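Residue numbers (our numbering), protein chains in the order written: chain F, 1 to 407; chain X, 408 to 814.
Number of protein chains: 2
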Amino acid sequence: MSLIVQKFGGTSVGDLERIAKAATRVEHAVRDGHSVVVVVSAMSGETDKLVGYVRDIQPDLDPREYDAVVASGEQVTAGLMALTLQKMGIAARSWQGWQVPILTDESHGRARVREARPENLHACLDEGIVPVVTGFQGISESGRITTLGRGGSDLSAVVLAAALGAERCDIFTDVDGVFTCDPRIVAKAHKLDKITYEEMLEMASQGAKVLHTRSVATAMNHRVRLQVLSTFTGAPGTLVVDEDEIVEQQVVSGIAYSRDDAKITMIGLPDDPGIAASLFGPLAAAEINVDMIVQNISPDGETTDLTFTVAEGDLERALAVLEANNDVLQARRVEPDTRVVKLSVIGVGMRSHAGVAGTMFKALASKGINIQLISTSEIKISVLISEDYLELALRALHTAYDLDSAE
Amino acid sequence: MSLIVQKFGGTSVGDLERIAKAATRVEHAVRDGHSVVVVVSAMSGETDKLVGYVRDIQPDLDPREYDAVVASGEQVTAGLMALTLQKMGIAARSWQGWQVPILTDESHGRARVREARPENLHACLDEGIVPVVTGFQGISESGRITTLGRGGSDLSAVVLAAALGAERCDIFTDVDGVFTCDPRIVAKAHKLDKITYEEMLEMASQGAKVLHTRSVATAMNHRVRLQVLSTFTGAPGTLVVDEDEIVEQQVVSGIAYSRDDAKITMIGLPDDPGIAASLFGPLAAAEINVDMIVQNISPDGETTDLTFTVAEGDLERALAVLEANNDVLQARRVEPDTRVVKLSVIGVGMRSHAGVAGTMFKALASKGINIQLISTSEIKISVLISEDYLELALRALHTAYDLDSAE
Numbered sequence: 001m002s003l004i005v006q007k008f009g010g011t012s013v014g015d016l017e018r019i020a021k022a023a024t025r026v027e028h029a030v031r032d033g034h035s036v037v038v039v040v041s042a043m044s045g046e047t048d049k050l051v052g053y054v055r056d057i058q059p060d061l062d063p064r065e066y067d068a069v070v071a072s073g074e075q076v077t078a079g080l081m082a083l084t085l086q087k088m089g090i091a092a093r094s095w096q097g098w099q100v101p102i103l104t105d106e107s108h109g110r111a112r113v114r115e116a117r118p119e120n121l122h123a124c125l126d127e128g129i130v131p132v133v134t135g136f137q138g139i140s141e142s143g144r145i146t147t148l149g150r151g152g153s154d155l156s157a158v159v160l161a162a163a164l165g166a167e168r169c170d171i172f173t174d175v176d177g178v179f180t181c182d183p184r185i186v187a188k189a190h191k192l193d194k195i196t197y198e199e200m201l202e203m204a205s206q207g208a209k210v211l212h213t214r215s216v217a218t219a220m221n222h223r224v225r226l227q228v229l230s231t232f233t234g235a236p237g238t239l240v241v242d243e244d245e246i247v248e249q250q251v252v253s254g255i256a257y258s259r260d261d262a263k264i265t266m267i268g269l270p271d272d273p274g275i276a277a278s279l280f281g282p283l284a285a286a287e288i289n290v291d292m293i294v295q296n297i298s299p300d301g302e303t304t305d306l307t308f309t310v311a312e313g314d315l316e317r318a319l320a321v322l323e324a325n326n327d328v329l330q331a332r333r334v335e336p337d338t339r340v341v342k343l344s345v346i347g348v349g350m351r352s353h354a355g356v357a358g359t360m361f362k363a364l365a366s367k368g369i370n371i372q373l374i375s376t377s378e379i380k381i382s383v384l385i386s387e388d389y390l391e392l393a394l395r396a397l398h399t400a401y402d403l404d405s406a407e
Numbered sequence: 408m409s410l411i412v413q414k415f416g417g418t419s420v421g422d423l424e425r426i427a428k429a430a431t432r433v434e435h436a437v438r439d440g441h442s443v444v445v446v447v448s449a450m451s452g453e454t455d456k457l458v459g460y461v462r463d464i465q466p467d468l469d470p471r472e473y474d475a476v477v478a479s480g481e482q483v484t485a486g487l488m489a490l491t492l493q494k495m496g497i498a499a500r501s502w503q504g505w506q507v508p509i510l511t512d513e514s515h516g517r518a519r520v521r522e523a524r525p526e527n528l529h530a531c532l533d534e535g536i537v538p539v540v541t542g543f544q545g546i547s548e549s550g551r552i553t554t555l556g557r558g559g560s561d562l563s564a565v566v567l568a569a570a571l572g573a574e575r576c577d578i579f580t581d582v583d584g585v586f587t588c589d590p591r592i593v594a595k596a597h598k599l600d601k602i603t604y605e606e607m608l609e610m611a612s613q614g615a616k617v618l619h620t621r622s623v624a625t626a627m628n629h630r631v632r633l634q635v636l637s638t639f640t641g642a643p644g645t646l647v648v649d650e651d652e653i654v655e656q657q658v659v660s661g662i663a664y665s666r667d668d669a670k671i672t673m674i675g676l677p678d679d680p681g682i683a684a685s686l687f688g689p690l691a692a693a694e695i696n697v698d699m700i701v702q703n704i705s706p707d708g709e710t711t712d713l714t715f716t717v718a719e720g721d722l723e724r725a726l727a728v729l730e731a732n733n734d735v736l737q738a739r740r741v742e743p744d745t746r747v748v749k750l751s752v753i754g755v756g757m758r759s760h761a762g763v764a765g766t767m768f769k770a771l772a773s774k775g776i777n778i779q780l781i782s783t784s785e786i787k788i789s790v791l792i793s794e795d796y797l798e799l800a801l802r803a804l805h806t807a808y809d810l811d812s813a814e
């Protein structure tokens with residue numbers, strides 16, 4: 001009898017009716033002969049309400065109390081899910097993170113899981129009882145409740161699946177799976193049956209919201225087979241698996257985008273060998289990540305221009321750092337621009353196929369779209385363009401890489 | 408430096424503004440040089456919401472899950488109170504029942520406290536940190552969260568005050584203290600400065616809502632000095648203390664009433680010696696408490712009538728038990744009546760003063776109020792009357808016992 005972990009997100013447990021719907025997914029798996037461990041998020045809106053309380057008192061107060069308050073949301077859902085399963089005739093009981101226990105470090109608000117001890121859950125399963133575990137939380141060595149940060153419930157599910165040696169970890173959500181592109185923008189986008197860990201990791205880090213990078217990375221490290229699927233349809237979703245499980249690999253699997261980048265152009269920097277270090281050193285010291293970078297010689301031939309991107313949320317701080325260091329940098333002008341988007345074309349097939357970048361540049365050029373910055377990795381090409389062209393560019397690329405669905 | 412426990416009820420922590428108000432009470436005590444342990448209820452309405460979720464799934468389901476869900480309310484308030492205190496410059500941290508720990512039996516939903524271990528809280532206080540403890544809950548031997556039932560947060564406060572050897576346990580609420588009578592009905596009612604445990608116990612069990620019987624009984628057993636007072640005014644409240652602390656004892660301290668009783672009259676029972684046992688045995692077996700009882704010989708001289716009261720919530724079940732046993736009881740008729748109220752005059756002075764009952768009967772008779780049933784204890788006289796006369800009777804008794812305030 002195989003063991004699977006089923007995780008339900010906030011919209012899947014948003015009210016009692018939805019919890020009942022989610023419970024039927026558990027019921028089907030149990031009736032199919034699986035051992036099931038359930039992981040739940042807080043009811044949608046609940047975590048925001050609790051975070052709102054804390055922020056209304058004062059932001060940036062004791063993160064240990066933030067965690068104690070915010071972790072209560074999943075406790076409610078875990079109990080309600082256990083009761084709902086019981087009502088359907090399925091023996092179930094709730095487990096809070098500290099009861100399992102899921103042991104974490106002391107980084108409250110964004111704790112890292114040290115270890116999930118599976119013994120209690122195994123004993124529970126051995127009694128024929130479905131454990132329903134609170135996602136998003138654990139307990140620190142000093143006995144305080146910790147939360148895992150954004151995407152924390154997915155991470156709880158993956159960590160438990162790894163610790164329990166589960167056959168699969170199903171992430172139930174309000175979409176049908178992972179799509180070739182955002183279907184709200186590209187109508188011809190279609191659901192992928194399978195995607196590799198590496199691709200999913202790039203998709204997540206380049207803006208696809210369906211899974212968080214941490215969960216995918218953890219699943220990849222522990223070789224946990226992930227499935228992303230809809231609570232509401234019950235249809236098979238997208239499997240996130242090892243590359244060797246995918247027989248016919250597309251060159252490009254999907255196209256992600258992000259509106260969260262800001263571009264900074266430094267004009268008229270002295271063309272000295274150490275200038276990049278003088279620029280990026282202070283930014284790194286301020287914990288500001290720089291993503292894409294390009295350097296040009298200025299038309300005057302004596303100075304250089306440097307363009308790079310940072311997260312839009314870091315822009316103000318980045319400009320302050322540059323201002324503070326301009327006696328060294330001596331830029332003539334600094335031009336920030338938030339009206340940009342980053343498009344990323346992703347696929348493990350790029351490793352063995354040439355011409356992927358050429359297809360991208362040709363498709364964008366044919367629509368008159370100017371590429372401002374480019375960066376590449378082994379399985380990804382990203383470009384920065386004006387946000388005005390987002391929809392046009394996504395649709396053009398989707399067609400150019402033969403991703404449009406038949407219908 | 409003396410230690411006091413301060414407990415804040417649901418209305419005192421109903422929103423962030425009220426939590427801030429409650430926190431100033433803690434602040435004053437801290438500034439006065441006290442060590443303070445805070446106990447909090449859930450925000451008013453929150454527990455009802457959580458109970459509503461559980462009942463909407465199905466009433467009478469697994470009480471362990473009920474407890475896991477419902478206990479989350481206090482967890483939120485404890486964190487928010489700790490944060491609010493921190494904002495005011497007072498070091499504070501939240502403690503959940505299981506973290507203290509407050510150990511209980513396994514009677515979920517109405518657990519009994521076995522032991523509150525004070526070591527962690529003492530260590531916290533020694534570091535100059537105010538512990539804020541979730542009321543209403545503890546942990547069972549098997550590691551599940553338990554709740555203590557109605558009045559549970561008061562009980563948590565009293566239990567902790569006893570375990571910590573606190574000088575006093577302040578129960579902050581939305582009224583100014585314990586009144587001679589319900590001031591919403593008797594305008595001339597006044598706040599008592601002091602009341603004995605025994606009187607408070609009778610007041611609570613006879614319908615006064617300000618404290619629950621369990622908390623008062625526990626305070627009495629452990630000689631915990633209780634104070635009931637208002638979060639909002641900051642004025643001194645009512646001290647619940649040993650009799651020897653009260654110098655000038657009134658004969659009657661207060662008048663309580665309850666609308667929660669139902670009267671049952673059994674007409675035409677055979678006048679056999681065993682008839683009371685045949686009647687009350689099955690009721691006791693069904694865990695239905697009988698309160699007041701009176702037996703009369705019927706006018707025919709051969710049968711007997713028996714009148715008694717049960718909690719109104721038990722009436723339907725009581726009538727079913729009587730129906731099921733009527734082949735033995737052979738009552739000619741059973742007459743239920745829910746349109747009754749019980750008035751109780753309470754005072755330890757009764758022990759040494761005669762004529763207290765006479766004053767009551769005279770006062771009621773002078774208003775033409777018929778007494779249906781009477782019961783007495785050492786420090787209490789209760790009568791059952793028609794609910795139509797509730798207000799009239801309370802005011803008449805309040806005047807008759809010289810309780811009317813000067814203003």
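Even glycine gets a Cβ: it sits at the ideal position worked out from N, Cα and C.
Fair warning: this is a prediction, and the values are worked out from it, not measured in the lab.
Residue from the options whose Cα sits closest to the Cα of residue i
i              : options                           : result
residue 8(F)   : 17(F), 114(F), 24(F) and 39(F)    : 39(F)
residue 380(F) : 257(F), 365(F) and 399(F)         : 257(F)
residue 104(F) : 339(F), 159(F) and 35(F)          : 159(F)
residue 740(X) : 420(X), 672(X) and 746(X)         : 672(X)
residue 245(F) : 221(F), 235(F), 213(F) and 195(F) : 195(F)
residue 499(X) : 65(F), 111(F) and 106(F)          : 65(F)
Counted within 10 angstroms of its Cβ, other Cβ atoms place residue i as buried (16 or more) or exposed
i              : result
residue 548(X) : exposed
residue 459(X) : exposed
residue 259(F) : exposed
residue 314(F) : buried
residue 805(X) : buried
residue 435(X) : exposed
residue 86(F)  : buried
residue 297(F) : exposed
residue 654(X) : exposed
residue 58(F)  : exposed
residue 88(F)  : exposed
Range of the contiguous beta strand (DSSP E) that encloses residue i
i              : result
residue 194(F) : 194-196
residue 148(F) : Note, residue 148(F): premise wrong, no beta strand (DSSP E); not H, not E.
residue 522(X) : 520-523
residue 361(F) : Residue 361(F) -> not in any beta strand (DSSP E); alpha helix (DSSP H) instead, spanning 356-366.
residue 783(X) : 780-784
residue 499(X) : 499-502
Residue i and residue j closer than 8 Å at C-beta
i              : j              : result
residue 716(X) : residue 668(X) : yes
residue 171(F) : residue 193(F) : no
residue 690(X) : residue 728(X) : yes
residue 43(F)  : residue 77(F)  : yes
residue 206(F) : residue 382(F) : yes
residue 358(F) : residue 251(F) : no
residue 47(F)  : residue 109(F) : no
residue 164(F) : residue 121(F) : yes
residue 595(X) : residue 811(X) : yes
residue 631(X) : residue 644(X) : no
residue 748(X) : residue 797(X) : yes
Start-to-end residues for the alpha helix (DSSP H) that takes in residue i
i              : result
residue 438(X) : 423-438
residue 575(X) : From DSSP, residue 575(X) is part of no alpha helix (DSSP H) but of the beta strand (DSSP E) over 575-580.
residue 527(X) : 526-533
residue 565(X) : 559-571
Where in the segment 49-87 of chain F do unbroken runs of the alpha helix (DSSP H), each at least 4 residues long, occur, reported from the N-terminal end onward? 63-70 and 72-87
Q | alpha helix (DSSP H) segments (min. 4 residues) lying fully within the segment 583-662 of chain X | A | 604-612 and 620-628
Notebook entry, point to check: Fully enclosed by the segment 723-753 of chain X, which alpha helix (DSSP H) runs are 4 residues long or longer?
Noted result: 733-736
At 4 residues or longer, what runs of the alpha helix (DSSP H) sit wholly inside the segment 659-721 of chain X? 682-692
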